[in-house]
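Here's the structure, in structure tokens; my notes come after.
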Amino acid sequence: MGIFMIMAFASYLGECSNNHAEIQAIKIGLKWCLDNDEIKSIQAMKAEGHIQFSHIFKEGNPTADLIANLAEFKKSNSFFTAAINLPMQIISTSKNERKRRTNFRIRMRKNTCHI
31 MGIFMIMAFA SYLGECSNNH AEIQAIKIGL KWCLDNDEIK SIQAMKAEGH IQFSHIFKEG
91 NPTADLIANL AEFKKSNSFF TAAINLPMQI ISTSKNERKR RTNFRIRMRK NTCHI
């Protein structure tokens with residue numbers, strides 16, 4: 031089973047709160063859907079019961095977390111309109127999520143200062 035997506039994006043916002051970032055993400059995503067006539071597609075899928083909307087914390091949505099981190103790492107914006115164009119790690123994480131497999135997040139240890 032492949033990845034279904036309408037669009038994914040990573041938007042570099044600089045230093046801001048998580049609330050500000052999430053509000054900006056909603057604005058950017060909705061504007062893109064309006065500009066690209068995708069609202070009707072989303073409404074049709076919702077009416078047919080193919081999708082549901084719910085809030086998920088970032089710990090439960092590693093794919094979205096990786097996409098957000100992409101913007102922070104690159105310090106630029108990225109738009110993806112086909113799953114095949116996503117970075118390989120994001121594709122792999124998304125497939126694992128859909129198969130309900132564990133995703134391991136490997137983080138570099140930050141430098142610590144001891145006094």
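Residue numbers (the numbering used here): 31 to 145.
Cβ coordinates follow ideal geometry from the N, Cα and C atoms, glycine included.
A quick note: this is a predicted structure, and the numbers were derived from the prediction, not measured.
Backbone secondary structure at residue i - three-state DSSP
i	result
F109	strand
H50	helix
Own chain, CB closer than 6 Å to residue i, minus 5 neighbours either side, in chain order
i	result
M75	I81
Length of the line joining the Cα atoms of residue i and residue j
i	j	result
A113	Y42	20 Å
G59	N99	17 Å
I56	K104	21 Å
A77	K70	10 Å
Contact check, residue i vs residue j, beta carbons under 8 Å
i	j	result
A38	F110	yes
C126	A40	Strictly speaking, residue 126 in this sequence is Asn, with Cys absent from that position. Taking 8 Å as the Cβ cut-off, N126 and A40 do not qualify as a contacting pair.
Whole-Å CB distance - residue i paired with residue j, under 8 Å assumed
i	j	result
I120	I97	6 Å
I53	C63	Not really, about 16 Å apart at Cβ, beyond 8 Å.
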